[in-house]
Amino acid sequence: MNSPQRFSELPEYAFPRLRTLFGDLAPGSNAPVQMTIGDPRHAPPAFVAEVIAEHQAGFMSYPPNDGAPELLSACAAWLSRRYGYDADPATDILALNGTREGLYNASMALCPETKNGQQPAILMPNPFYQVYAVSTLSVGAEPVYLNATEATGHLPDFDAVDPALLDRTAVVYICSPANPQGATASLAYWSNLLRLAEQHDFKIFADECYAEIYRDTPPTGVLEAVKATGADPERVVAFHSLSKRSNLAGLRSGFAVSGPGNIARMKQLRTYAGAPLPLPLQMAAARAWSEEAHVVENRALYAAKFDAAARILGRKHIPEAGFFLWLPTPEGMSGETAAMKLWTQAGVKVLPGAYLARDTKAGNPGDRYIRAALVAPIDETIDGLTRLNDCLYT
Numbered sequence: 001m002n003s004p005q006r007f008s009e010l011p012e013y014a015f016p017r018l019r020t021l022f023g024d025l026a027p028g029s030n031a032p033v034q035m036t037i038g039d040p041r042h043a044p045p046a047f048v049a050e051v052i053a054e055h056q057a058g059f060m061s062y063p064p065n066d067g068a069p070e071l072l073s074a075c076a077a078w079l080s081r082r083y084g085y086d087a088d089p090a091t092d093i094l095a096l097n098g099t100r101e102g103l104y105n106a107s108m109a110l111c112p113e114t115k116n117g118q119q120p121a122i123l124m125p126n127p128f129y130q131v132y133a134v135s136t137l138s139v140g141a142e143p144v145y146l147n148a149t150e151a152t153g154h155l156p157d158f159d160a161v162d163p164a165l166l167d168r169t170a171v172v173y174i175c176s177p178a179n180p181q182g183a184t185a186s187l188a189y190w191s192n193l194l195r196l197a198e199q200h201d202f203k204i205f206a207d208e209c210y211a212e213i214y215r216d217t218p219p220t221g222v223l224e225a226v227k228a229t230g231a232d233p234e235r236v237v238a239f240h241s242l243s244k245r246s247n248l249a250g251l252r253s254g255f256a257v258s259g260p261g262n263i264a265r266m267k268q269l270r271t272y273a274g275a276p277l278p279l280p281l282q283m284a285a286a287r288a289w290s291e292e293a294h295v296v297e298n299r300a301l302y303a304a305k306f307d308a309a310a311r312i313l314g315r316k317h318i319p320e321a322g323f324f325l326w327l328p329t330p331e332g333m334s335g336e337t338a339a340m341k342l343w344t345q346a347g348v349k350v351l352p353g354a355y356l357a358r359d360t361k362a363g364n365p366g367d368r369y370i371r372a373a374l375v376a377p378i379d380e381t382i383d384g385l386t387r388l389n390d391c392l393y394t
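Residue numbers (full-length UniProt numbering): 1 to 394.
Structural data, given as structure tokens:
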């Protein structure tokens, strides 16, 4: 059994740390700009409320644990359109109450108690989404943080990992497009990771929740690499969500896709540990996965804000995908210092990069960065970016 003391290994969550850092300090503006939280603020598609109202009688019944057939079929159809990947909705897809649930429970369902007679390791990018680490500790595995830096293209360099460590690796978490850096994995990158997974016998948990927020070219998905290389689908569990794609974070609708063996084990766990989405919300989610016009409009809104960011800060700071800026701090200034300066002098609230990462022997890869979310309306975003640039870079 895992000891509760293992959770003391986790750093404090980013936003409580930020509140402690700022304390009672007043903002340096009467109109502060919030750029910390990645909470989408574009309008969700209007049809969502209509679909929920149409199916409101479904609130009277317990929802299907694995996902309504309509929702599973819509997810499968989207995977075919987006990635050219054919998934059986009955066996290869599991509906989730937000992908956080799936990202956590996947390790619970699929990580072995030992790997080659040793404590299993779970590898994850650094910076990382805290759920990866909490899930790892929950199953008694060792979390290993792989620094994702400018030198590695802001994605982990798996070829640099000790083969002995890969031999006891049970799971690799990988986020593409990356949060917070916005880097995307290429087909070659995914294919190489699949090769290592086969060679060293581990699974890949691909967090692709930002896949539909991109500048020019749709990011390559892990399922495209599975199809291109002929890899075993059981090597991969991919996670997708409506939170960013459709501005429906509050709907709590996501899904996992994998081979039928993995999905069967995740379904079994979810019978006891999951909270199925109410049926009217599943019907709304099915409609959202089936409709693309609102996604194109949403992407255009982000593109306009990133064009503004390029004009204000320079194009070198613009990521391939996602809706964050991962900005290096001025020489000699930590992310905490930069965040404090921005708040007290300009009234702009950003997140110190170190709060999203873990200290390692090679240092904290977020220490000299700040993260700014471009989720506000464009006028507010331009105001915040202009203040940020004037305060830190001019």
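Glycine is no exception: its CB is placed at the ideal position from the N, C-alpha and C atoms.
ask   = At which residues does the beta strand (DSSP E) containing Tyr145 begin and terminate?
value = 142-147
message = Given this structure, state the Cα-to-Cα distance separating Thr217 from Asn247, to the nearest angstrom.
response = 20 Å
ask   = With respect to 7 Å, is the separation between the Cβ of Ala225 and the closest non-hydrogen atom of the ligand ATP below this value?
value = In the structure on display, the ligand ATP does not appear, and there are no ligands present to speak of.
task = Using the Cα positions of Ala87 and Leu79, report the straight-line distance between them to the nearest angstrom.
result = 7 Å
Reference Leu301, options Val350, Ile378, Pro125, closest by Cα = Ile378
query = Does DSSP put Cys175 in a helix, in a strand, or in coil?
reply = strand
message = On a Cα-Cα basis, can you pick out the residue from Asp201, Gly259, Glu142 that is closest to Lys227?
response = Gly259
key: Residue span of the alpha helix (DSSP H) that contains Leu279, given as start and end   = 279-290
Cβ-based neighbour list, Asn192, same chain, cut-off 8 Å, excluding 5 preceding and 5 following = Phe158, Asp159
Three-way DSSP call (helix, strand, coil) for Phe324 in this model = strand
ask   = Run through DSSP, which three-state label would Asn192 get?
value = helix
task = Please report the residue range of the alpha helix (DSSP H) in which Ile263 lies.
result = 260-273
key: Residue of Thr184, Ile174, Tyr214 minimising C-alpha distance to Ala197   = Ile174
request  = Kindly identify the DSSP beta-bridge partner or partners of Thr184.
outcome  = DSSP, once it has assigned bridges, lists no residue as partnering Thr184.
request  = Look at the alpha carbon of Arg215 and the alpha carbon of Gln118, and state the distance between them as a whole number of angstroms.
outcome  = 43 Å
query = Between Leu26 and the rest of its own chain, which residues show a CB-CB distance below 8 Å, the 5 nearest in sequence each way excluded?
reply = Checking the sequence shown, residue 26 turns out to be Ala, not Leu. Excluding sequence neighbours, Ala26 sits near Thr344.
request  = Take every Cβ of the stretch 123-134, pair it with every Cβ of the stretch 167-183, and state whether three or more of those distances are shorter than 8 Å.
outcome  = yes
inquiry  = Just verifying my parser: in three-state terms, what is the DSSP assignment at Val222?
reply    = helix
ask   = Can you tell which of Glu208, Ala231, Gly230 has the C-alpha that lies nearest to the C-alpha of Thr220?
value = Glu208
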